[in-house]
Amino acid sequence: MTLKISRRRVTQAMLGSAVLTLTGARIAAAQSPMSVALVVHGTLGDKSFFDSAAAGMARATAELGVDVTIIEAGLDRGRWQPALDDAADQGFDVVIAGTWEMNGFMQELSGDFPDTKFILFDDAPDFSDGAFPNILAITYRTSTAAYLAGYAAAKLSETGRLGTILGVEGATILEFVVGFEQGARAANPDVEVLQAVAGTFGDPARGKELALAQFGQGVDIVFPIAGGTGIGALQAARDEGKLAIGVDSDQAEIFAPTDPEQAAVIFTSVEKRVGDSLVTALEQTIDGTAPYGTALLLGLADGAVGISRNSFFEAIVPEDLRAELDAIEAQIISGEIVVDTVMQ
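Throughout the sequence shown, residue numbering follows the working numbering, covering 1 to 344 in sequence.
Here is the structure:
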C-alpha cells in the first residue's frame, strides 16, 4: 500500500487556505475509495492537537485506503466557515473538523448536505429529538489522564507550585485542568496550581512569556494546554531548566529528533489521541457501524486518552512513582477513583 502526498494552493474560493492531499491505495481497480476532508481551523505544525488529527489521516490513508484532503484554513477566523462550506460543496464523502469553534458551522451545514457524513471531534451538538443524524461527535474525558499527570507533577515538584497555561477557557480545555488539579491535590493537599490564559492557540511568544512569569513565582513544572502557544511555554521550561508536561500528543517523542534538550524536560504528556479516534470512526463509517447522530465520550478505558510513558518518563519519574501511577490508572478505570469533569 502506498501513500502519495502532494501540496498545492487552493482556489480563490478557499481564501488562500493550504491543502494537503493524501491518496490511499486502491484496494481494487474498480473500487473508488471514500473521500475525506479534514478542515483545520488553524495550521499544522503545532506538534500537538492538529498534528495528532493529521497523523490519524495519514494512518487512515495507509490502512483504510481512503483519499484524504487536509485543508489548513489558517488563523483568520473569517476563513473557517468558508473552508468548511467549500469542503462540503466539493462532494467529499466525509468532512471532519474539531472543537466548539467549528461546531456551529457544522450544524448549519449538515442540513444542507444530508448525504455527507460529518465528524466533529472535541465537541458535540445537541442531538436531542433526532437532530443532526449525519454528524458523529467524538469527545474526550481528558480529565482522567490529566489526573495522572497532576499526581506525578505534585510528587516531582520541589517547590509545591505548578503552573497551567490555557489557550482559552473553553470546556475542553478546562476538562484537562479539573483532572490535573484534582490529581495534584491527591498527591499533595498543599500544592498550589497557578493558572494563566493566553487567549490564543497560535502565539508561542505569548506562551513563553506566561511560563516565564509563572517560573518567577516559584513554579517548577508547567502544563501548557494551548496548542501552538504551548510550544513557547515548553521552550521556556527548556531554557530555564524546569520540567514540563506536554499535551494532546507525545510531545517529547515529537521533539526528540530535532531538539533533544526540549524533549528531555517533558517528563510526560497528557495525550488526547484524536488521530486514533478518527481512524476508528472512519473504519466504522466504511463498515456501516459508526453511530452517526450521537456523541461518543471516550476516556482511559477506551484508550482514547492517557499519559506518555517513554524513555523520558522513565528517566525522570522514579520507579515507585511509576508503579503508583499504574495502580491509580487502574483505579480510575474501575471507578474506584472518580475524577472530576466538566463534560456532560
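Beta carbons are placed, not taken as given, at the ideal position from N, Cα and C, and that holds for glycine.
- CA-to-CA, the gap between GLY150 and GLY91 works out to about 44 Å.
- Rounded to whole angstroms, the gap between the alpha carbons of ASP67 and ASP287 is 16 Å.
- For MET343 and ARG238, the gap between their C-alpha atoms comes out near 33 Å.
- Between GLY275 and SER35, the gap from beta carbon to beta carbon reaches 7 Å or more.
- Here the alpha carbons of ALA152 and LEU298 stand approximately 22 Å from one another.
- Cβ-Cβ distances below 7 Å link ILE254 to LYS47 in the same chain, with the five nearest sequence neighbours on each side left out; the list follows chain order.
- Under the three-state reduction of DSSP, LEU282 is assigned to helix.
- VAL338 is classed as exposed because its beta carbon has fewer than 16 other beta carbons within 10 Å across all chains shown.
- Annotation for GLU72: the continuous beta strand (DSSP E) segment containing it runs 67 to 72.
- Residue GLY230 holds the alpha-carbon nearest to the alpha-carbon of PHE50 among GLY303, ILE135, GLY230 and THR280.
- Excluding its 5 nearest sequence neighbours in each direction, MET106 has C-beta neighbours in its own chain below 7 Å: LEU84, ALA97, PHE118, LEU120 and ILE135, listed in chain order.
- DSSP places ARG141 in the coil class of the three-state scheme, outside both helix and strand.
- Assigned with DSSP and collapsed to three states, LYS47 falls in coil, not helix or strand.
- For the pair ALA211 and GLY218, the Cα-to-Cα distance works out to about 11 Å.
- Within the DSSP secondary-structure output, LEU243 pairs in a beta bridge with ILE221.
- Rounded to the nearest angstrom, the gap between the Cα atoms of VAL265 and ASN103 is 35 Å.
- Three or more beta-carbon pairs separated by less than 8 Å are not found between the segment 136 to 143 and the segment 327 to 334, which leaves the two stretches without contact.
- Inclusion of ALA304 and SER277 in the CB contact set at 7 Å is warranted, their separation being smaller than that value.
- It is roughly 29 Å from the alpha-carbon of ARG59 to the alpha-carbon of ALA233.
- When secondary structure is reduced to three states using DSSP, SER269 falls in the strand class.
- A check of alpha carbon separations from ASP248 across SER308, ARG185 and PHE215 identifies SER308 as the nearest.
- Taking the Cα positions, ALA252 is about 8 Å away from PRO260.
- By the beta-carbon neighbour count (other beta carbons within 10 angstroms, threshold 16), ALA327 is exposed.
- Annotation for GLU261: no beta strand (DSSP E) segment contains it, though the alpha helix (DSSP H) segment containing it runs 260 to 263.
- Bridge pairing for ALA327: absent [DSSP].
- Under a 10 Å Cβ-count criterion, ASP220 is classified as buried, with 16 or more other Cβ atoms of the shown protein chains found around its own Cβ.
- The three-state reading of DSSP puts THR229 in helix, counting H, G and I together.
- In terms of CA proximity to GLY163, ALA236 leads the group ALA236, ALA263 and ASP115.
- For PHE176, the enclosing alpha helix (DSSP H) stretches over residues 171 to 187.
- Annotated as distal: ASP126 and THR99, with beta-carbon spacing of 7 Å or more.
- Per the coordinates, the alpha-carbon of ALA323 lies some 19 Å from the alpha-carbon of GLN182.
- A residue is called buried once 16 or more other Cβ atoms fall within 10 Å of its Cβ, and ARG206 is buried on that count.
- Residue burial annotation: PRO133 is exposed, with fewer than 16 other C-beta atoms found within 10 angstroms of its C-beta.
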